Amino acid sequence: MGVLQLFVLVWILASVIVTGQVVISIDTDTDIANDWTPSWKCVDSRCVRDDRTLVSNPDQGLRICHLTCGQYGSLWPKPTGQVSIGSEVIAFHPGQMAFSNKFISQDTETYIESITHLFVKKLSKQCGVNCTLVPSTKIKVYLSFDKDEAQLSMSVDEGYSLTVSRLETHSEDPVSTVISVELSGNTVFGIRHGLESLSQLITRGSPDNHLLLVSNASILNDRPVYRHRGLTLDTARHFIPIDAIRRTMDAMATSKMNVFHWHVTDSHSFPLVLASVPMMSRYGAYSPAKVYSPLDVQHLIQYAKLRGIRILFELDAPAHAGNGWQWGPQYGLGELVVCLNEQPWRANCIQPPCGQLNPVNPNVYRVLSDIYVELMAVAKYGDEMFHMGADEVFVKCWNNTPAIVDFMTSHGKNTTFEDYVQLWAHFQNKAAASLDAAVEHNRTKLIVWSSHLTNPLIVGDYLDPKRYIIQTWVPRIDPLADILISKGYQVIISTKDAWYLDHGFWGVTNYYRWQKVYDNPLPTSPLVLGGEVAMWTEYVDEQSLDGRLWPRTAAAAERLWSNPSSGSSEAEPRFLQQRERLVEMGIRAETVTPEWCYLNEAQCR
């Protein structure tokens, strides 16, 4: 017996002698800390901690409270349809889940089989390696969809309805409880989103290592407000490995984002391997190991599709093009790129390394055509849309290039800024013609970033609103998007002072907390296709990618799915639960609040 234990025993004996009562009882063989857990209860749609009530069943803890508390529980993004969530949960094992559906075609059958397999795999991982069988519970999932549509396009119907109900069986039946799940949608992509919502009605039970499902719930007619809900990822400033891109897509899928905008090349590097133009990656990749092969691209497209995501490729030009284009003279094509890596860089570009395509060399357009042909074929998203970049042309670079100045003079042009904007427009028209030749028609929607070329005073002279979509990247107070809408242009919004998630780590930029990301309204015009958060990677690589993106990107995802009239304060409990989901998935999402504040809801506002 230790000195402390001896002291306590003597003190107890003394108390008995003086008062006749034992005032303290201590079991030295019990670890009290492992015998209890605090309880939470739902009070006014808020999970309230009660340390006075200690329970031995951890299922009464915070996780289960969030699952059923409030109108939306822990659903993310907030559904746009009618929602009802019951207060009871039922234990089950993922192996006790059976799916039933009627296939329309081989393509839809393959897709449904793949996404249900991913769903069960996700639940099995959540339950853990020691997941306990619950033979008394069966989950029957009935899937139904109307359209034989397995092509993920911008216009695809993503709506769904989900109902979970508890069915009692006969007392002599060893299966005492059957949970019926009815999930319907017009397309398989609505079914995928519905499965995502179903997973958010499930949590892990402990210490018995089973899963818990809300036994009565319904989400009716849930569908997105905006059809374009994207994330721009730059993989040229820093090479981002395939595994990190897949991880990013996994996180996107949990919030029902549907566009991975891949800014795959820039003046820094050209990591995309092209069989028709192999010199691009040979000259432009950081190393032979830091490339994306055609097979990599094909696998990523399929990986994304199973998560309800389409890949939107961007081949930025004429600016943001440099390394990878310098091989022209050696192959008899002349200078394809000008100002490449020149110093002092401030005289020739916005940021190093410098580089802009040579708009007066006809071979530039031949190479672009070869790239477009292969990229469109590999991408397999065909002719719906393509992002051409087309921003931040640095006029001084072209004006410092004798061949370009001679071209301007020989064509009766001066060397004013306005004249170079006309040259820029000339390049854009020829590049678009090259893409049209690649797909053998001119119906492809072309996306460009906002720039001097999209100045409302001149944009109509150069860009046809029936052909071009403009992605704006201006501050929230800038009226550019509204003006472009008034001129008939479709727009995609990337609010520079809210959705540029690389900001706050360089220069005079500011870091935007998740609340500002969430409380960023978009115009409500039908011409607003949606929006994208942007991650430019000058100061981001694989190691820091997750934390810069997540969970803030999830805040934008709810804005784009449901465009709620309420603000971030109302969303906070669900947002914190979404962050917990991301961490459980292996996403290194940054924390956004002290742990005490997470455990004590609404006490830190």
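Letter by letter, the sequence shown follows residues -20 to -1, 1 to 585 of mature numbering (1 follows the signal peptide of the UniProt record, and there is no 0). For every residue, glycine included, the Cβ atom is placed at its ideal position computed from N, Cα and C. Quick caveat: nothing in here was measured; it's all calculated off a predicted structure.
Check	Outcome
Determine, using beta carbons only, whether Phe240 and Met232 come nearer to each other than 8 Å.	yes
Can you check DSSP and say which residues form a bridge with His483?	Per DSSP, none; premise fails for His483.
Grouping DSSP H, G and I as helix and E and B as strand, with all else coil, what is residue 644?	Residue 644 is absent from the model: the chain starts at -20 and stops at 585.
Name the one or two DSSP bridge partners that Arg146 has.	Ile159
Taking the C-alpha atoms as reference points, what is the distance between Leu55 and Cys49?	11 Å
Return helix, strand or coil for Ser549, following the three-state DSSP convention.	helix
Name the residue from Cys111, Gln76 and Gly170 whose alpha carbon lies nearest to the alpha carbon of Ile92.	Gly170
Can you give me the start and stop residues for the alpha helix (DSSP H) that Asn341 sits inside?	No alpha helix (DSSP H) holds Asn341; DSSP gives it neither H nor E.
To which residues does DSSP link Ser80 through a beta bridge?	Tyr122
The ligand MG heavy atoms versus the CB of Ala78: any closer than 7 Å?	Looking for the ligand MG in the displayed structure turns up nothing, as the structure carries no ligands at all.
Starting from the Cα of Leu529, find the closest Cα among Ala514, Tyr519, Trp541 and Arg539 and give me that residue.	Ala514
I'd like the span of the beta strand (DSSP E) that includes Ile199, first residue to last.	Ala197 to Asp202
May I ask which residues mark the beginning and end of the beta strand (DSSP E) holding Val69?	Val69 to Phe72
Measuring CA to CA, which of Val114, Leu579 and Asp477 is closest to Leu488?	According to the sequence as given, residue 488 is Val; it is not Leu. The shortest Cα separation from Val488 among Val114, Leu579 and Asp477 belongs to Asp477.
Does the stretch 352 to 360 come within contact of the stretch 247 to 265, defined as at least 3 CB pairs closer than 8 Å?	yes
Thinking C-alpha only, which one of Met77, Ser19, Arg43 and Met229 is nearest Gln557?	Arg43
Need the endpoints of the beta strand (DSSP E) that Ile427 sits in, please.	Lys425 to Trp429
Can you list, in chain order, the stretches of the alpha helix (DSSP H) that have 4 or more residues and sit fully within the stretch 433 to 466?	439 to 442 and 460 to 466
Per DSSP, which one or two residues make a beta bridge with Val508?	Val471
Between which two residues does the alpha helix (DSSP H) carrying Met237 extend?	Neither: Met237 is in no alpha helix (DSSP H) and is coded neither H nor E.
Measuring only the C-alpha atoms, how far is Gly174 from Arg226?	21 Å
Exposed or buried, what is Tyr311 when buried is set at 16 or more other beta-carbons lying within 10 Å of its beta-carbon?	exposed
Closer than 7 Å by C-beta to Val520: which residues in its own chain qualify, once you throw out the five before and the five after it? Chain order, please.	His218, Asp482 and Arg528
Just confirm the distance between the C-beta atoms of Tyr352 and Ala405, as a whole number of angstroms; I'd bet it's less than 8 Å.	Not confirmed; about 19 Å, so no contact.
Expressed to the nearest angstrom, what Euclidean distance is found between the alpha-carbon atoms of Gln1 and Pro18?	Residue placement at Gln1 cannot be trusted, given a pLDDT of 47 that sits under 50; the coordinates are not used to answer.
Cα-Cα, which of Ala216, Leu316, Ser145 and Gln470 is closest to Leu407?	Checking the displayed sequence, the identity of residue 407 turns out to be Phe instead of Leu. It is Leu316 whose Cα lies nearest to the Cα of Phe407.
In whole angstroms, give me the CA-to-CA distance for Trp429 and Gly484.	22 Å
On the CB-based measure, 16 or more other CB atoms within 10 Å of its CB, does Glu575 come out buried or exposed?	exposed
Exposed or buried, what is Pro501 when buried is set at 16 or more other beta-carbons lying within 10 Å of its beta-carbon?	exposed
With a threshold of 6 Å on Cβ separation, who are the neighbours of Gly393 within its own chain once the five nearest residues in sequence on each side are excluded?	Note on residue identity: the sequence assigns Lys, not Gly, to residue 393. Result list for Lys393: Asp399, in chain order.
I'd like the list of long-range same chain contacts for Ser235, defined as Cβ closer than 8 Å, with 5 residues on each side in sequence excluded.	Trp56, Pro57, Thr533, Ala534, Ala537, Glu538, Trp541 and Gln558
Distance, Cα to Cα, His471 vs Asn580?	At residue 471 the sequence reads Val, which differs from the His that was named. So the two alpha carbons sit approximately 41 Å from each other.
Can we say the stretch 118 to 128 touches the stretch 75 to 89, given the rule of at least three CB pairs closer than 8 Å?	yes
For the alpha helix (DSSP H) holding Met260, just list the boundary residues, first then last.	Met259 to Gly264
Within this structure, are the beta carbons of Leu47 and Val69 separated by less than 8 Å?	yes
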